[in-house]
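K.L.:
Numbering (this note's numbering), first residue to last: 140 to 595.
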């Protein structure tokens, strides 16, 4: 995976060294020698990730980081601080300023490439979700993505996988005041627990006895329920190669022992916030898809879904030589219900009608609300004769049922007119719909509350 990387450093040899290392791995590299220039490049969308030197004259790296996090255009831009300072307190200051990670000078080439690739993957995932959510928001289907930002003070649900009791107790004592911690000492139970407890972060110790902690990371990334779950590794300093391998497998973050309490809390807070934000983006995208394909009032498929699905159903019927029948239903004199009882009552009748219709048809039938009081059922494998019997059952059930409105003391009675048409030979979806609609018209013009089969 490649990406556009901005390297910010006021020392030219440092710039050239990082540029050469990244270019050798086919990253596109840009450079800046001061904070204001770096901020300008980032706000113009010129990069996917920033390697930012901390010690710079004028505006230092921490201030640049804070300003990038405060701007809506760059709030989710991955930032790696490059610094000669390696005390836990220095890392905490950087994390609180908004940095995603650190690289210590002299920069290790393997660690550099692994971290850049890991953060680039995260950036592209967020960008894709934000783009899809923003498109949905632009149509008015869902709320703006700017309203989805997570509160950094939210309590997270953290799954801790560790078999060392002393290590576990220290981590739990540090995390518990701010998060809900679930402890697992058997790695084989971790994935099931992560899914069932709906956790926001999984912390995995590499000291799991004979069990390979990286195997658990790999399994988490291959399972649907945990594929997007952030993973933070706890490793000994001699586990450096395993940590780098973990980053390649999709691990999001890591800490080295002895674990500094403040750094642990800062990294946990960052990962939980990102997880919650991405969950909200995914939920927004799913909701927009549902709104595009489903009727929000009745929960049935809508006309757009029908237009996508019906041609495939007809192709299947044609290839197999199997029957297919379409039924269009129209509630008789529905306007009177709205005029008499109000539109809220009309909505309740529509919802009740949809629920009743779903009880009557078969599980494999396609049920849609076309709009207003008109509904459609496509019935694969059902010929006209059997479809007519089902339509008559539906007509009678609707006529005999009272639909509750208001306080439920006065059920509303309705009837329905139905038109049927069966698929024939080389017809397409438009022809089938036109014939069923014509049969519906005949039912209505003949007095309503009846079933008509198009015989043409």
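From the three backbone atoms N, C-alpha and C, an ideal C-beta is built for every residue, glycine too.
When DSSP labels each residue in this structure, what does residue 286 get in the three-state scheme?
P.N.:
At residue 286, the pLDDT of 49 sits below 50, so the modelled position is not reliable and the matter cannot be decided from this model.
K.L.:
Quick check on this structure: which residue in 568, 536 and 452 has the alpha carbon closest to the alpha carbon of residue 498?
P.N.:
536
K.L.:
By alpha-carbon positions, which one of 560, 538, 384 and 545 ends up nearest to residue 587?
P.N.:
538
K.L.:
Taking residue 184 and residue 208 to be in contact with their CB atoms under 8 Å, please state how far apart those CB atoms are, rounded to whole angstroms.
P.N.:
16 Å between Cβ atoms; not a contact.
K.L.:
Within the continuous alpha helix (DSSP H) that includes residue 417, where are the two ends?
P.N.:
400–432 is the span of the alpha helix (DSSP H), which, as asked, contains residue 417.
K.L.:
Where does the unbroken alpha helix (DSSP H) through residue 158 begin, and where does it stop?
P.N.:
151–163
K.L.:
From 479, 350 and 515, pick the residue whose C-alpha is nearest to that of residue 439; which is it?
P.N.:
515
K.L.:
Report back the beta-carbon spacing between residue 170 and residue 154 to the nearest angstrom; my notes put them in contact at under 8 Å.
P.N.:
5 Å
K.L.:
Any idea what DSSP makes of residue 466, helix, strand or coil?
P.N.:
Residue 466: strand per DSSP, three-state reduction.
K.L.:
Applying the criterion that 16 or more other CB atoms from any shown protein chain within 10 Å of the CB defines a buried residue, is residue 263 buried or exposed?
P.N.:
exposed
K.L.:
Our contact map puts residue 464 next to residue 521 with C-beta atoms below 8 Å; I'd like the distance itself, whole angstroms only.
P.N.:
The Cβ separation is near 5 Å, so the contact holds.
K.L.:
Could you spell out where the alpha helix (DSSP H) holding residue 327 opens and where it closes?
P.N.:
326–335
K.L.:
Suppose you measure from the CA of residue 562 to the CA of residue 462; what does that come to, to the nearest Å?
P.N.:
7 Å
K.L.:
For the alpha helix (DSSP H) that contains residue 553, what are its first and last residues?
P.N.:
Note, residue 553: premise wrong, no alpha helix (DSSP H); not H, not E.
K.L.:
Measuring only the C-alpha atoms, how far is residue 269 from residue 419?
P.N.:
10 Å
K.L.:
Anyone know if the C-beta pair for residue 297 and residue 323 falls short of 7 Å?
P.N.:
No.
K.L.:
From 341, 402 and 339, pick the residue whose C-alpha is nearest to that of residue 227; which is it?
P.N.:
402
K.L.:
Which residue comes first and which comes last in the alpha helix (DSSP H) that contains residue 195?
P.N.:
Here residue 195 belongs to no alpha helix (DSSP H), and DSSP marks it neither H nor E.
K.L.:
In chain order, what residues of the same chain have a beta carbon less than 7 Å from the beta carbon of residue 405, not counting five sequence neighbours either side?
P.N.:
Around residue 405, the same chain offers 231, 234 and 235 as residues with beta carbons nearer than 7 Å, after the five sequence neighbours per side are excluded.
K.L.:
I need the boundaries of the beta strand (DSSP E) containing residue 344, first residue and last residue.
P.N.:
340–344
K.L.:
Less than 6 Å between C-beta atoms, sequence neighbours within five positions excluded: which residues of the same chain meet that for residue 519?
P.N.:
Cβ neighbours of residue 519 beyond the five flanking positions: 452 and 463.
K.L.:
Quick one: complete alpha helix (DSSP H) runs, 4+ long, within the stretch 214–244?
P.N.:
227–236
K.L.:
I'd like to know if the stretch 373–388 and the stretch 246–260 are in contact, where contact means that at least 3 CB-CB pairs between them fall below 8 Å.
P.N.:
The stretch 373–388 and the stretch 246–260 touch, with no fewer than 3 CB-CB distances between them shorter than 8 Å.
K.L.:
May I have the straight-line CA-CA distance separating residue 475 from residue 594, to the nearest angstrom?
P.N.:
32 Å
K.L.:
Would you mind sorting residue 213 into buried or exposed? The rule is 16 or more other CB atoms within 10 Å of its CB.
P.N.:
buried
K.L.:
I believe residue 531 touches residue 469 by the beta-carbon criterion, under 8 Å. Please report the beta-carbon distance rounded to the nearest angstrom.
P.N.:
Between residue 469 and residue 531 the Cβ distance is about 16 Å, and since that is not below 8 Å, they are no contact.
K.L.:
If you draw a straight line from the alpha carbon of residue 247 to that of residue 437, how long is it in whole angstroms?
P.N.:
58 Å
K.L.:
Which residues in the same chain as residue 344 place their Cβ atom closer than 6 Å to its Cβ, once the five residues preceding and following it in sequence are excluded?
P.N.:
301 and 373
K.L.:
Could you compute how far the alpha carbon of residue 421 sits from the alpha carbon of residue 203?
P.N.:
30 Å
K.L.:
Suppose the cutoff is 6 Å on Cβ atoms and the five residues either side in sequence are ignored; what does the same chain contact list for residue 318 look like?
P.N.:
294, 295 and 297
K.L.:
Going by the beta-carbon positions, is the gap between residue 241 and residue 220 smaller than 7 Å?
P.N.:
A contact, by the Cβ cut-off of 7 Å.
K.L.:
Just checking my contact of residue 172 with residue 199 at CB under 8 Å: how many whole Å lie between their CB atoms?
P.N.:
The distance from the Cβ of residue 172 to that of residue 199 is about 13 Å, inconsistent with a contact at the 8 Å cut-off.
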